[in-house]
Amino acid sequence: MKAFRFLPLLAAAGCVDQIADKADAQGTGAMLSVDYFGGSDVVGFNFKIERVACDASDAFSPLSIEANVDLVDGIFPGMIELVEQVYSAETRHLGADLFTALEPGCYDVTAAPASMIDGDDWTPSADCSVATAEGLAVVDGVTTEATLISQCVGDEVGALDTLVTLNHPPVVSVDYPTDDRNGDGVANGDDGKFNYECEPVEVCATIYDVDDDPIETDWVISPASGVYSVTEGPLTVIGFDDGHRIWEQCIEVVTRVTDTYDVDVTVWDLGYSGGGITRIEDLVSPEQSRDEMTSPIHTNWAEEPLCFDEHGVLVPAEGVDIHRASGCAYIDAETYYCSGLYDVDADIVEFLCAGTTLIEENLYPNCDGSETTPPPPAEVNCDGIDNDGDGTVDEGSSYGTLYHWTNTASGGTGAGTIGATSATFNSLTDELTFSSTIAKKAGVTVNGATFAINAGPNPKGQGDLALMYFDCNAGSPIINVVAYNGLNTLTSYYDGGSAWGTQAPDRIQSSLLDASFVNASSCTITSAGTTLSFSVDATAIRGHSPLYPASYGWYGMGFGSQLGIWYHPIGNGSFTYTTGWLTGLSAPYSSWLDLSYVGTTHTAVCL
35 MKAFRFLPLL AAAGCVDQIA DKADAQGTGA MLSVDYFGGS DVVGFNFKIE
85 RVACDASDAF SPLSIEANVD LVDGIFPGMI ELVEQVYSAE TRHLGADLFT
135 ALEPGCYDVT AAPASMIDGD DWTPSADCSV ATAEGLAVVD GVTTEATLIS
185 QCVGDEVGAL DTLVTLNHPP VVSVDYPTDD RNGDGVANGD DGKFNYECEP
235 VEVCATIYDV DDDPIETDWV ISPASGVYSV TEGPLTVIGF DDGHRIWEQC
285 IEVVTRVTDT YDVDVTVWDL GYSGGGITRI EDLVSPEQSR DEMTSPIHTN
335 WAEEPLCFDE HGVLVPAEGV DIHRASGCAY IDAETYYCSG LYDVDADIVE
385 FLCAGTTLIE ENLYPNCDGS ETTPPPPAEV NCDGIDNDGD GTVDEGSSYG
435 TLYHWTNTAS GGTGAGTIGA TSATFNSLTD ELTFSSTIAK KAGVTVNGAT
485 FAINAGPNPK GQGDLALMYF DCNAGSPIIN VVAYNGLNTL TSYYDGGSAW
535 GTQAPDRIQS SLLDASFVNA SSCTITSAGT TLSFSVDATA IRGHSPLYPA
585 SYGWYGMGFG SQLGIWYHPI GNGSFTYTTG WLTGLSAPYS SWLDLSYVGT
635 THTAVCL
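Note that this note's numbering has the sequence shown beginning at 35, numbered continuously upward.
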């Protein structure tokens, strides 16, 4: 065991009529004979006092004192101010005390914990460490007091003081509660440590300290790259055991990538040094006074069970109870089966996917239990069938789905109130259409927008979504498309990544350089407001290889049976371009429509 030094020196006034030529070491009483708090082998301490020079010019007669002292019949701090400078007032520690009259001068004190004391004989403790204090000054007419800590290992922790106290590390255990411990509406149910991507898991630590010290916790989740969020609940006292506090702290962990995660919690007990709170471990270094526990979270990917309702809309199957965290994007079936990013059986891809689009009728049943009518095979000609109900007979031999969405929600009104808004996406041709009207706001003219859209989730971060900048200021609208950096729609045009600093923009398409991807676009500004619309071929956008890829894969633009949209009309905006690309943007006013997992309708289409 290595010795350590511990600090506070306190002086208390006291009269000494005569200092003997030879100091008389006296213990102050010994009723206790065992560390009944922590169960260490300590029954007392062997004290050694050595006279040392106070400075280079100090001349003195050598003096060495050794004394064995049993544990004192008392519990500290016990409202003793001297001890409360080291420990919290409500804690309980055992110790031993040696009082000795000495000639003025400087002294080194060593207190070694003993597992046996028999007169002058003693046996060193195997559980707790030696404590020392160097150069303690004794002056005439004053008693110098010093408090030391003997740190114990395992289930015991010691404290040394001329008074000496024992300290023990806290003990932590972890569980996955089935109730809502945090009071935030989240509980694990029967799933425990098993979750789906983006489904919160609650993990709770129960902590006990034999000395009833205050405690500090630290949670670490690894691998951190797959963690969406960690929310720590308060550290609270939930009960008492033999007068000692039982603490509990719960965290909510949301993981967004399929993996096994380690949840590590470390707990330290706390004391005081220099008038401030500190870990007792720092006072007894290199000894440790902590406990830690590592437990797993197993994150699984499985498409949330969905079915077609009577309107042909995909909804969660009855009894399904997967509550995913808002804003966290998980791998949907289309991304998994049809993106080419995952090792999926080719026969499954052929059965479920057309190009890179999921044929949902091949995967999802009807909610009433009846079988879903499968789509016509690719080799069957669609001639003579009005699949989309528009009164026109479709022609061609490829089968796909046309998704429709009309907005019914409200949003931010900084640049004006967003009114009639709708979109369609053709899974067969990748044609994306959008139209929106924004009511006039006094002093503000909507003359642009930023736009991102996908199949349900909120933005995952960099590496998965395209972002459109729509500029109404020219004779014809200007459209720039870049990869969304996952941080801010107003910075993605010049900063392509989410890392610290500025990364090169990830540019995809510009109508100033090649407008062939724009089927139609318009921007009409009147006294009543602004209507903007466009139709684009998103094939190249969806097939883009991002400069800053992410593990969940590139989606680009489009939507399916569900829709997520981040649409921000810009008021009184100005746009600057260099060699065809947006290089400057001012957006004094902005409205917003931010939605996720909105249901859509769909019709079959042929080409």
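Beta carbons are placed, not taken as given, at the ideal position from N, Cα and C, and that holds for glycine. In this text the structure is predicted, and so the values were computed from the model without any measurement.
Where residue i falls: helix, strand or coil (DSSP)
i	result
V378	coil
G446	strand
L386	helix
V261	strand
Y518	coil
E202	It should be pointed out that residue 202 corresponds to His in this sequence rather than to Glu. If DSSP states are grouped into helix, strand and coil, H202 belongs with coil.
Y631	strand
T62	At T62, the pLDDT of 39 sits below 50, so the modelled position is not reliable and the matter cannot be decided from this model.
Y611	strand
L197	strand
F71	coil
L566	strand
N441	coil
A621	coil
Y210	coil
V106	coil
V191	Because the pLDDT of V191 is 38, which lies under 50, any placement of that residue in the model is unreliable, and the question is left without a value.
T270	strand
P583	coil
K474	coil
T178	strand
A101	strand
R85	strand
F593	coil
S626	Residue identity differs from the one stated: residue 626 is Trp in this sequence, not Ser. It is a strand residue.
T125	coil
7 angstroms Cβ shell around residue i - same chain, five flanking residues per side excluded
i	result
F228	H332, N334
Y611	L546, T617
G531	Q496, N519, Q537, Y582
D381	none
Residue i: first and last residue of the uninterrupted beta strand (DSSP E) it sits in
i	result
I280	278-289
C162	Premise fails: C162 is in no beta strand (DSSP E) and is neither H nor E.
I604	596-605
C238	235-243
C341	340-342
S184	182-185
I331	324-334
I356	Element bounds for I356: n/a, residue is neither H nor E.
L501	500-505
P147	139-152
G482	480-488
L348	348-350
Y230	228-230
Cβ separation of residue i and residue j, assumed to be a contact under 8 angstroms, to the nearest whole Å
i	j	result
A454	F468	No, A454 and F468 are not in contact; Cβ-Cβ is about 12 angstroms, not under 8 angstroms.
P622	G497	At roughly 30 angstroms, the Cβ-Cβ gap does not stay under 8 angstroms, so P622 and G497 are not in contact.
V301	R279	About 13 angstroms; that fails the 8 angstroms criterion.
E233	C284	So it is not a contact: roughly 16 angstroms between Cβ atoms.
A146	N80	5 angstroms
A500	H578	7 angstroms
S544	P511	About 12 angstroms separates the two Cβ atoms, so there is no contact after all.
V254	V287	That belief does not hold up - the Cβ atoms of V254 and V287 are roughly 11 angstroms apart, past 8 angstroms.
V187	A165	Not quite, the Cβ-Cβ distance comes to about 14 angstroms (not below 8 angstroms), so this is no contact.
H636	H438	7 angstroms
N645	F609	Residue 645 lies beyond the stretch modelled for the chain, which goes from 35 to 641, so this question has no answer here.
S625	G361	The pair is not a contact, with the Cβ atoms about 20 angstroms apart (cut-off 8 angstroms).
Boundaries of the alpha helix (DSSP H) in which residue i is found, first to last residue
i	result
A367	367-372
A574	573-576
E395	Unbroken run through E395: none, as it is neither H nor E.
V117	115-118
Beta-carbon contacts of residue i that lie in its chain and below 6 angstroms, excluding the five residues immediately before and after
i	result
V632	L597
S256	D296
Y601	F485, L627
V86	C140, D142
G605	A449, V478, V480, Y623
V205	Y242, D325
Beta-carbon proximity list for residue i, same chain, < 8 angstroms, skipping 5 on both sides
i	result
G310	none
M113	A123
G48	Only weak support is given to the placement of G48: the predicted model assigns it a pLDDT of 28, under 50, and the question is left unresolved by the model.
CB contact below 7 angstroms: residue i versus chain C
i	result
E231	The question asks about chain C, but that chain is absent: this structure has only one protein chain.
query: Of all the beta strand (DSSP E) runs that stay within the bounds of the segment 533-564, which reach a length of 3 or more residues?
result: 541-544, 552-560
query: In the segment 292-318, which residue ranges form an unbroken beta strand (DSSP E) of at least 3 residues, counting only runs that do not cross its ends?
result: Uninterrupted beta strand (DSSP E) stretches at least 3 residues long and entirely within the segment 292-318 occur at 293-307, 310-313, given in chain order.
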